[in-house]
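J.:
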Amino acid sequence: MNSELKLFQRLASFPFLLIFFAFLFPLVNVSCSEKVVAEPNVYEFISGVTPETVLDEETSKAVNEMKEKDPRVKAFFEQPIKTSRAIIPVAVAVALAAACAFITPVGSLAMALAAFASLWVFIYNLSATVVRQHYDFLTVEPAVGAYCISFLLVIGIAMDLAVIIKNYRLN
């Protein structure tokens, strides 16, 4: 492998490293009656958030009023989000994709595809969990963080594919 291709292969880790900054953006929007009540990011999910910990001050007051009126609201906001630790494989896959970009683009490609699929499965399962627990007053939708992470994963996948194809043509 020539030096230019080796440099490009190392640069393929850059989008994966940027994802760790994208983890700071809200991953999902939790809405109640069309008003966003929570926007947890990946790091908050990994730390095991309860829905109440990610509320702003104004929303927290409104939720306290809702908790007094409806026991389902109280039950939801006081328990940990059950699927919150399921986001950890996404973070691990992104870290492995970044590390594998220095060694083998095929490994990086596999980890990036795994992270992409795991991210969207997590978001789907989170919204399904909210529905399954009969919290029909809440909606969970992907937020800017999910799209940013996905975009950076696609860039990383494209760069890995470019390295693989160029290496194949050189051999």
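Heads up: the sequence shown runs through residues 27 to 197, numbered per my numbering. Backbone N, C-alpha and C define an ideal beta-carbon position, used for all residues, glycine too.
So the alpha helix (DSSP H) serine 57 belongs to, where does it begin and stop?
T.: Here residue 57 refers to the residue found at position 31 of the sequence shown. Segment 54-58 is the beta strand (DSSP E) holding serine 57; no alpha helix (DSSP H) there.
J.: In three-state terms, what does DSSP make of alanine 184?
T.: Looking up residue 184 in the sequence shown gives position 158. In this structure, alanine 184 counts as helix in the three-state DSSP scheme.
J.: From this set, Val189, Val116, Met137 and Ala117, which residue's C-alpha is nearest phenylalanine 34's C-alpha?
T.: In the sequence shown, the residue the question calls residue 34 occupies position 8. Comparing Cα positions, the closest option is Val189.
J.: Which residue marks the beginning of the alpha helix (DSSP H) containing threonine 165, and which one marks its end?
T.: By 1-based counting over the sequence shown, the position of residue 165 is 139. No alpha helix (DSSP H) holds threonine 165; the beta strand (DSSP E) holding it covers 164-168.
J.: So which of Asn67, Val68 and Phe163 has the shortest CA-CA distance to lysine 61?
T.: Here the question's residue 61 lines up with position 35 in the sequence shown. The candidate whose alpha carbon is nearest that of lysine 61 is Phe163.
J.: So, with DSSP's three-state summary, where would you put asparagine 90?
T.: Numbered from 1 along the sequence shown, position 64 holds the residue referred to as residue 90. Of the three classes helix, strand and coil, the one that applies to asparagine 90 here is helix, per DSSP.
J.: Between the beta-carbon of phenylalanine 47 and the beta-carbon of asparagine 67, is there less than 8 Å?
T.: In the sequence shown, the residue the question calls residue 47 occupies position 21. In the sequence shown, the residue the question calls residue 67 occupies position 41. Going by C-beta atoms, phenylalanine 47 is not nearer than 8 Å to asparagine 67.
J.: Buried or exposed for leucine 179, please, with buried defined as at least 16 other CB atoms from any protein chain shown within 10 angstroms of its CB.
T.: Numbered from its first residue, the sequence shown carries residue 179 at position 153. Looking at its Cβ environment, which holds 16 or more other Cβ atoms inside 10 Å, leucine 179 is buried.
J.: Tell whether a beta-carbon distance below 8 Å holds between proline 168 and isoleucine 181.
T.: In the sequence shown, counting from the first residue as 1, residue 168 sits at position 142. In the sequence shown, counting from the first residue as 1, residue 181 sits at position 155. No, the Cβ-Cβ distance between proline 168 and isoleucine 181 is not below 8 Å.
J.: What three-state label does DSSP hand alanine 38 in the structure shown?
T.: Counting from 1 along the sequence shown, the entry for residue 38 is found at position 12. DSSP places alanine 38 in coil when its eight states are reduced to three.
J.: For chain D, check one thing: does any of its Cβ atoms lie closer than 8 Å to the Cβ of methionine 137?
T.: Chain labels in this structure do not include chain D; a single protein chain is all it has.
J.: Is it the case that the segment 119-129 contacts the segment 31-45, given that we only count it when at least three CB pairs across the two stretches are under 8 Å?
T.: As far as the Cβ criterion goes, the segment 31-45 touches the segment 119-129, which means the pair count is three or higher.
J.: State the Cα-Cα distance for the pair serine 134 and alanine 123, rounded to the nearest angstrom.
T.: Residue 134 sits at position 108 when you count from the first residue of the sequence shown. Residue 123 sits at position 97 when you count from the first residue of the sequence shown. When rounded, the distance between both Cα atoms is 4 Å.
J.: Tell me which residue opens and which closes the beta strand (DSSP E) that alanine 64 is part of.
T.: Taking the sequence shown and counting its residues from 1, the one referred to as residue 64 is at position 38. Run containing alanine 64: 61-64, per the beta strand (DSSP E) assignment.
J.: Less than 6 Å between C-beta atoms, sequence neighbours within five positions excluded: which residues of the same chain meet that for asparagine 55?
T.: Residue mapping note: residue 55 aligns to position 29 of the sequence shown, counting from 1. Only Val62, Glu65, Glu167 and Ala169 meet the Cβ criterion.
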